[in-house]
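**Student:** Structure in structure tokens, see below.
2 protein chains.
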Amino acid sequence: MTNKTFTLDINTLDGPLGHRVYTALRNKILTMAFEPGTVLRKGALCEQLGVSRSPVTEALNRLSTDGLVDIIPQSATRVSQFSIFELREEAFLREAVEVAAVAKVAQDHTDEQMTVLSRNLKMQGLLVEDADFQGFFEADLEFHELILAFTGFPKVAATAGQMSLQLRRARMLILPEPGRPKQAVAEHQAILTSIRAGDADAARSAMSLHLRQLITRIEPLERQHPEYFRPN
Amino acid sequence: MTNKTFTLDINTLDGPLGHRVYTALRNKILTMAFEPGTVLRKGALCEQLGVSRSPVTEALNRLSTDGLVDIIPQSATRVSQFSIFELREEAFLREAVEVAAVAKVAQDHTDEQMTVLSRNLKMQGLLVEDADFQGFFEADLEFHELILAFTGFPKVAATAGQMSLQLRRARMLILPEPGRPKQAVAEHQAILTSIRAGDADAARSAMSLHLRQLITRIEPLERQHPEYFRPN
DNA sequence: ACAAGTCAACTAACATGTCAGTTGAGGGGC
DNA sequence: GCCCCTCAACTGACATGTTAGTTGACTTGT
Chain C
1 MTNKTFTLDI NTLDGPLGHR VYTALRNKIL TMAFEPGTVL RKGALCEQLG
51 VSRSPVTEAL NRLSTDGLVD IIPQSATRVS QFSIFELREE AFLREAVEVA
101 AVAKVAQDHT DEQMTVLSRN LKMQGLLVED ADFQGFFEAD LEFHELILAF
151 TGFPKVAATA GQMSLQLRRA RMLILPEPGR PKQAVAEHQA ILTSIRAGDA
201 DAARSAMSLH LRQLITRIEP LERQHPEYFR PN
Chain G
1 MTNKTFTLDI NTLDGPLGHR VYTALRNKIL TMAFEPGTVL RKGALCEQLG
51 VSRSPVTEAL NRLSTDGLVD IIPQSATRVS QFSIFELREE AFLREAVEVA
101 AVAKVAQDHT DEQMTVLSRN LKMQGLLVED ADFQGFFEAD LEFHELILAF
151 TGFPKVAATA GQMSLQLRRA RMLILPEPGR PKQAVAEHQA ILTSIRAGDA
201 DAARSAMSLH LRQLITRIEP LERQHPEYFR PN
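Chains as they are written, first to last, in our numbering: chain C, 1 to 232; chain G, 1 to 232.
What follows is the structure, encoded as structure tokens:
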């Protein structure tokens, strides 16, 4: 059993040390480079990064309030494991916010906003055709962020992102199913059509239907990767 | 101009020092005992509370992420002022979550839950009759928290509370209008009736209508108390 | 009176030391 | 082989010192 050596880079970021450490660790966790259950030893982190305990402690505390690490007091800190219950909880909250957002955007939107969404959607179609799933993944994320931003409330997008971190992490485990990306694009198209028509109810339904696909596809992960899930 | 002396009590609380300081300051801010704009001097707080800078710094940082204080780096920390825009933003988010919650509760609820809500509602009626507005205020809060809790998702209530802190603080400024409490009880009644009928759409509408009363009554505060609001 | 430069007060960010509490691996007794 | 106990390793919480950056008031020159 060799000790895995993680390449933690802090120098490519800017800002205060504490924030850089937080961002670096957060990325590692969200991309599953740090697997759930991984023990984060504070001393080792300090040594690797060449910083003192202060910024590392600050980073770990923020990650803890984010729910990305579990701190066992006086003992250890480890990357948090998934919990199906928590994932359902986050899916509920995310749906609540995104559905409200899309309804508001359906009611009042500018032509320019529609153009941006439409352009993004076309790009999604091209990326799926080219089988560039990584690119599609990012365009998908942007589509949702655009709708949240078009509410005119910047904190809405921030809050929605913050409240569904586990969901975002778990999504990394989903195997690409044939046909799913194409289906997702179609669902996005339905959402956009409803928005453009100013039909808030239809937009709500379309968004709800779309978002529920994700949690449905996440549920089976508990059996496929029990090692990543918290025992109940 | 005498220096106001604040009685900050930490000894009546328990848990880590940092958490106690946070709770004490948070309460002062949320009850408007610390008015928006008040400068919080770290050194003075340390001295008053008899603790070092560590727990105070931790508390102020948490309050900063809560949006309850504004930290001007290397200069000062002050209790944050209101912003109508932010309040509207919080109202939007709160409505999104509570509307989704009430719809879910309308779809699946137990008789026991209905009994609890019904009991709370009757209590509201009695408190309004007795003109116990403080008591009504708390019962009102509980009514909403119960619905959030009945979703079965504990984080939903926590998130909803966390995302509407400014709203909660601003509500302290609203002058009691004659007839408003009675009207609020009627709106609560409509919500409960819709839930009991299992009518998710009606529950959504009733909750939406009810919640929009608050922000409507908060908007005029910017003129009545401009000193509490951030200049735009 | 007024603009510009100066300085004291305050602070964030970070490093480091201390103390007490938790955990798990290994050792001793049965 | 099994249980319990001890102890080293690690940690959270807190105190404190240092450095460098910001601000506002006060002084100074005009």
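Just so you know, even glycine gets a beta-carbon here, dropped at the ideal spot from N, CA and C.
Check whether the region 102-109 of chain C and the region 199-217 of chain C touch, using three or more Cβ-Cβ pairs below 8 angstroms as the test.
**Tutor:** yes
**Student:** Under the rule that 16 or more other beta-carbon atoms within 10 Å means buried, what is ALA139 (chain G), buried or exposed?
**Tutor:** Stepping through the second sequence from its first residue, residue 139 (chain G) is reached at position 139. It is buried - the Cβ of ALA139 (chain G) has at least 16 other Cβ atoms within 10 Å.
**Student:** Can you grab the Cα-Cα spacing for the pair LYS4 (chain C) / GLU35 (chain C), in whole Å?
**Tutor:** By one-based count along the first sequence, residue 4 (chain C) stands at place 4. By one-based count along the first sequence, residue 35 (chain C) stands at place 35. Residue confidence is low: LYS4 (chain C) scores 45 on pLDDT, short of 50, so the model does not pin down where it sits. No coordinate-derived value is stated.
**Student:** May I have the straight-line CA-CA distance separating ARG180 (chain G) from LEU87 (chain G), to the nearest angstrom?
**Tutor:** Position 180 of the second sequence, counting from 1, holds the residue named residue 180 (chain G). Position 87 of the second sequence, counting from 1, holds the residue named residue 87 (chain G). So the alpha carbons of these two residues sit roughly 21 angstroms apart.
**Student:** Which residues in the same chain as LYS182 (chain C) place their Cβ atom closer than 6 angstroms to its Cβ, once the five residues preceding and following it in sequence are excluded?
**Tutor:** Here the question's residue 182 (chain C) lines up with position 182 in the first sequence. Here the set comprises VAL128.
**Student:** Should the region 108-127 of chain G be called in touch with the region 78-96 of chain G, which here means at least 3 C-beta pairs below 8 angstroms?
**Tutor:** no
**Student:** Looking at the structure shown, is ASP199 (chain C) part of a helix, part of a strand, or coil, going by DSSP?
**Tutor:** Translated into the one-based positions of the first sequence, residue 199 (chain C) becomes position 199. Residue state, collapsed to three classes: coil.
**Student:** Residues in the region 152-164 of chain G with C-beta within 7 angstroms of chain C's C-beta atoms, listed in sequence order?
**Tutor:** PHE153, LYS155, VAL156, THR159, MET163
**Student:** Please say whether LEU173 (chain C) and LEU254 (chain C) have beta carbons closer to each other than 8 angstroms?
**Tutor:** With chain C covering 1 to 232 only, the question about residue 254 (chain C) has no answer from this structure.
**Student:** Using a cut-off of 8 angstroms between C-beta atoms, extract the partners of ALA96 (chain C) located in chain G.
**Tutor:** Position 96 of the first sequence, counted from the first residue, corresponds to residue 96 (chain C). Ordered by position in chain G, the residues that pass the 8 angstroms Cβ test against ALA96 (chain C) are ALA96, VAL97, VAL99, ALA100, ALA101.
**Student:** Report the neighbours of PHE92 (chain G) on chain C: residues whose CB is nearer than 8 angstroms to its CB, in chain order.
**Tutor:** Looking up residue 92 (chain G) in the second sequence gives position 92. Here the neighbours are ALA100, LYS104, THR151, PHE153, VAL156.
**Student:** In whole angstroms, what is the alpha-carbon distance linking ARG168 (chain C) and ALA44 (chain C)?
**Tutor:** As a first step, residue 168 (chain C) must be located in the first sequence, where it is residue number 168. As a first step, residue 44 (chain C) must be located in the first sequence, where it is residue number 44. Whole-angstrom Cα-Cα distance: 27 angstroms.
**Student:** For a contact meaning CB atoms closer than 9 angstroms, what does GLU219 (chain C) contact in chain G?
**Tutor:** Residue numbering aside, residue 219 (chain C) sits at position 219 when the first sequence is read from its first letter. Near GLU219 (chain C) there are no residues of chain G at all, since even the closest Cβ is about 16 angstroms away, more than 9 angstroms.
**Student:** Return the residues of the region 71-93 of chain G that lie within a Cβ-Cβ distance of less than 7 angstroms from chain C, sorted by chain order.
**Tutor:** GLU89, PHE92, LEU93
**Student:** Kindly give me the distance between the Cβ atoms of PHE137 (chain G) and PHE229 (chain G), rounded to whole angstroms, as I take these residues to be in contact under 8 angstroms.
**Tutor:** Here the question's residue 137 (chain G) lines up with position 137 in the second sequence. Here the question's residue 229 (chain G) lines up with position 229 in the second sequence. Their Cβ separation, rounded to whole angstroms, is 23 angstroms, which puts PHE137 (chain G) and PHE229 (chain G) out of contact at 8 angstroms.
**Student:** Is GLY152 (chain C) buried or exposed, if buried means 16 or more other CB atoms sit within 10 Å of its CB?
**Tutor:** For the purposes of this step, residue 152 (chain C) is taken as the residue at position 152 of the first sequence. Looking at its Cβ environment, which holds fewer than 16 other Cβ atoms inside 10 Å, GLY152 (chain C) is exposed.
**Student:** Go to ILE174 (chain G), then tell me how far its alpha helix (DSSP H) extends in each direction, as first and last residue.
**Tutor:** Taking the second sequence and counting its residues from 1, one reaches residue 174 (chain G) at position 174. The continuous stretches of alpha helix (DSSP H) do not include ILE174 (chain G), and DSSP gives it neither H nor E.
**Student:** So what does DSSP say about ASP132 (chain G), is it helix, strand or coil?
**Tutor:** Here the question's residue 132 (chain G) lines up with position 132 in the second sequence. In this structure, ASP132 (chain G) counts as coil in the three-state DSSP scheme.
**Student:** So, does the region 61-68 of chain G touch the region 16-31 of chain G, judging by three or more C-beta pairs under 8 angstroms?
**Tutor:** The answer is yes - the region 16-31 of chain G touches the region 61-68 of chain G, with three or more Cβ pairs under 8 angstroms.
**Student:** Cβ of SER75 (chain C) within 8 angstroms of Cβ of GLY67 (chain C)?
**Tutor:** Mapped onto the first sequence, residue 75 (chain C) falls at position 75. Mapped onto the first sequence, residue 67 (chain C) falls at position 67. In this structure, GLY67 (chain C) does not lie closer than 8 angstroms to SER75 (chain C) by Cβ.
**Student:** From the DSSP output, read off the bridge partner residues of THR77 (chain C).
**Tutor:** If you number the first sequence from 1, residue 77 (chain C) lands on position 77. The partner list for THR77 (chain C) (beta bridge, DSSP) reads C:ILE71.
**Student:** Start and end of the alpha helix (DSSP H) containing ASN61 (chain G)?
**Tutor:** For the purposes of this step, residue 61 (chain G) is taken as residue 61 along the second sequence, with counting starting at 1. First-last of the alpha helix (DSSP H) with ASN61 (chain G): 53-66.
**Student:** Might you give, ordered along the chain, the residues of its own chain that have their beta carbon closer than 6 angstroms to the beta carbon of VAL51 (chain G), omitting 5 neighbours on each side?
**Tutor:** Position 51 of the second sequence holds residue 51 (chain G). So the qualifying residues of the chain are LEU17.
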